[in-house]
Amino acid sequence: MHTEHGLALENNVLQLSAAGSAGLRLDRFITDHLKQSGQAVSRTRVQDWIKLGAVRVNDVLCSASQKLSGRELVEVWPQPLEASNAFSPDPIDLNIAYLDDEVLILDKPAGIVVHPAPGHWRGTLMNGLLHWRPELSSLPRAGIVHRLDRDTSGLLMVGLQEASIVALQQALAARLTHRIYLALVHGDASRLDGLKIDCAIGRDPVSRVRMACNGIAAKPASTTIRHLSKKALGDGLWVSLISCKLDTGRMHQIRVHLASKGFA
Numbered sequence: 017m018h019t020e021h022g023l024a025l026e027n028n029v030l031q032l033s034a035a036g037s038a039g040l041r042l043d044r045f046i047t048d049h050l051k052q053s054g055q056a057v058s059r060t061r062v063q064d065w066i067k068l069g070a071v072r073v074n075d076v077l078c079s080a081s082q083k084l085s086g087r088e089l090v091e092v093w094p095q096p097l098e099a100s101n102a103f104s105p106d107p108i109d110l111n112i113a114y115l116d117d118e119v120l121i122l123d124k125p126a127g128i129v130v131h132p133a134p135g136h137w138r139g140t141l142m143n144g145l146l147h148w149r150p151e152l153s154s155l156p157r158a159g160i161v162h163r164l165d166r167d168t169s170g171l172l173m174v175g176l177q178e179a180s181i182v183a184l185q186q187a188l189a190a191r192l193t194h195r196i197y198l199a200l201v202h203g204d205a206s207r208l209d210g211l212k213i214d215c216a217i218g219r220d221p222v223s224r225v226r227m228a229c230n231g232i233a234a235k236p237a238s239t240t241i242r243h244l245s246k247k248a249l250g251d252g253l254w255v256s257l258i259s260c261k262l263d264t265g266r267m268h269q270i271r272v273h274l275a276s277k278g279f280a
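With the numbering used here applied, the sequence shown closes on residue 280, and no number is skipped along the way.
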């Protein structure tokens, strides 16, 4: 990590101390810091970053109007200019599994991206939420509190109020929720039954678009495997059905952990 113009940069993340900024709005605080460092970024664009979930205060999603106490660590992932048009409604069918005044549970199909990112600025689940309920535009990431990979299907939690977003985030952080995935892998995976894989995940040092065990800036990751069944395909080949319980939610965690044990 190095410091530049008062900004601490680590893995393309700006880490800002809110010391001396008590009472200042979050969007104003970030805009002022960027201006002082010689980066001309408008307040509107900073607000777009906050809506996209590219800003966290003490590792929690937040709103642009949030007032700082002066004791926070603000982390900012600057987004390219294309991101300014990403927080827009798109007519996308939503499969609603549960809905009340505070929480929405979506049944996400495989093949759809959860929220905008380079290469997928529109047509995401988040864009569909903004079309379904335009008022969600006032919430970071339209209320989405966790993600699923594009090719993964499953249930996705969405907070419909700021209070429910905070509650869901706290439940995830405290591991009060359980995330269990079913996966098919090549080979006989019976030896993995009951195995807890603990391997920190970071960027692959060779291919930065991939994740790897003990990669760059690796973060702790834990997956517990259960072997459910297997089927012979002939010629000594097998396919196994397993369940994967995630204690953490790192990018591509299941694939990386299974690959570390020789399964794909």
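Heads up, the beta-carbon is just placed ideally off N, CA and C, and yes, glycines get one too.
A quick note: this is a predicted structure, and the numbers were derived from the prediction, not measured.
Beta-bridge pairing of R72 - partner residues as DSSP gives them: Looking up residue 72 in the sequence shown gives position 56. In DSSP, R72 forms a bridge with L77, E91.
Residue burial classification, M17 (beta-carbon count within 10 angstroms, cutoff 16): The residue you call residue 17 lines up with position 1 of the sequence shown. At M17 the pLDDT is 37, less than 50, meaning the model places this residue with poor confidence; the figure from the coordinates comes in the next sentence. When all chains shown are included, M17 counts as exposed.
Beta bridge counterpart(s) of V201 as assigned by DSSP: Residue numbering aside, residue 201 sits at position 185 when the sequence shown is read from its first letter. DSSP, once it has assigned bridges, lists S256 as partnering V201.
Beta strand (DSSP E) segment containing L249, residue limits: Along the sequence shown, one-based indexing puts residue 249 at 233. Residues 238-250.
Selected residue, minimal CA-CA separation from A205, among P105, W65, I241: Walking along the sequence shown from the start, residue 205 turns up at place 189. Considering only alpha carbons, the answer is I241.
Cβ-based neighbour list, R166, same chain, cut-off 6 Å, excluding 5 preceding and 5 following: Your numbering for residue 166 matches position 150 in the sequence shown. Closer than 6 Å at the Cβ level, and outside the excluded window around R166, lie V129.
Bounding residues of the beta strand (DSSP E) (the contiguous stretch that carries M267): Locating residue 267 in the sequence shown gives position 251, where the first residue counts as 1. From DSSP, M267 is part of no beta strand (DSSP E); its letter is neither H nor E.
Distance between A189 and G278 (C-alpha atoms, nearest Å): Here the question's residue 278 lines up with position 262 in the sequence shown. Here the question's residue 189 lines up with position 173 in the sequence shown. The alpha-carbon atoms of G278 and A189 are separated by roughly 30 Å.
Distance, W254 Cα to R226 Cα: By one-based count along the sequence shown, residue 226 stands at place 210. By one-based count along the sequence shown, residue 254 stands at place 238. Here the alpha carbons of W254 and R226 stand approximately 27 Å from one another.
Beta-carbon proximity check, A158 vs M142, cutoff 8 Å: Within the sequence shown, residue 158 is the residue found at index 142, counting from 1. Within the sequence shown, residue 142 is the residue found at index 126, counting from 1. Yes. Within cutoff.
Contact set for V119: own chain, Cβ-Cβ below 8 Å, skip 5 residues either direction: On the sequence shown, residue 119 is found 103 positions in, with the first residue counted as 1. Closer than 8 Å at the Cβ level, and outside the excluded window around V119, lie M173, V174, G175, L176, S180, L184.
Per-residue DSSP class, three states only, for H49: In the sequence shown, residue 49 corresponds to position 33, counting from 1. H49: helix per DSSP, three-state reduction.
Which listed residue (R61, V90, L115, P107) has its alpha carbon closest to that of N101: Working through the sequence shown from its first residue, we reach residue 101 at position 85. Here the closest residue by C-alpha is R61.
Where D43 falls, given that 16 or more other Cβ within 10 Å makes a residue buried: As a first step, residue 43 must be located in the sequence shown, where it is residue number 27. Sixteen is the threshold: when 16 or more other Cβ atoms of the shown chains lie within 10 Å of the Cβ of D43, as they do, the residue is buried.
Nearest-angstrom Cβ-Cβ length linking V201 and A126, presumed shorter than 8 Å: Counting from 1 along the sequence shown, the entry for residue 201 is found at position 185. Counting from 1 along the sequence shown, the entry for residue 126 is found at position 110. The Cβ separation is near 17 Å, so there is no contact.
Neighbour-count burial assignment, P132, 16 or more Cβ in a 10 Å radius: Position 116 of the sequence shown, counted from the start, is the residue given in the question as residue 132. By the neighbour-count rule (16 or more Cβ atoms within 10 Å), P132 is buried.
Residue span of the alpha helix (DSSP H) that contains K67, given as start and end: Here residue 67 refers to the residue found at position 51 when the sequence shown is read from its first residue. That run of the alpha helix (DSSP H) goes 59-67.
Buried/exposed call for R295, threshold 16 Cβ in 10 Å: Because the chain in this structure spans residues 17 to 280, residue 295 falls outside the shown range and cannot be described.
Proximity to L50 [Cα-Cα], best of E91, C78, K67: Counting from 1 along the sequence shown, the entry for residue 50 is found at position 34. The residue with the shortest Cα to Cα distance from L50 is E91.
Under the three-state DSSP convention, the category L172 falls into: Translated into the one-based positions of the sequence shown, residue 172 becomes position 156. Of the three classes helix, strand and coil, the one that applies to L172 here is strand, per DSSP.
For Q82 and S37, the rounded distance between their alpha carbons: Start at 1 with the first residue of the sequence shown, and residue 37 comes out as number 21. Start at 1 with the first residue of the sequence shown, and residue 82 comes out as number 66. Taking the straight line from one Cα to the other gives about 12 Å.
Coil, strand or helix - S33 by DSSP: The residue you call residue 33 lines up with position 17 of the sequence shown. Here S33 sits in strand by DSSP.
Test item: CB-CB of G252 and K235 under 8 Å: Residue 252 sits at position 236 when you count from the first residue of the sequence shown. Residue 235 sits at position 219 when you count from the first residue of the sequence shown. In this structure, K235 does not lie closer than 8 Å to G252 by Cβ.
Cβ-based burial, A248 [other Cβ within 10 Å; buried from 16]: What you label residue 248 is simply residue 232 of the sequence shown in a count that begins at 1. It counts as exposed.
Of the listed residues L274, F103, W137, nearest to A237 (C-alpha basis): Your numbering for residue 237 matches position 221 in the sequence shown. Nearest option by C-alpha distance: L274.
Contact between the region 143-156 and the region 66-74 (3+ Cβ pairs under 8 Å): The count of Cβ pairs closer than 8 Å, one atom from the region 143-156 and one from the region 66-74, reaches three, so the stretches are in contact.
Residue of S256, G250, T168 minimising C-alpha distance to D123: As a first step, residue 123 is located in the sequence shown; it is residue number 107 there, counting from the start. Answer by Cα proximity: T168.
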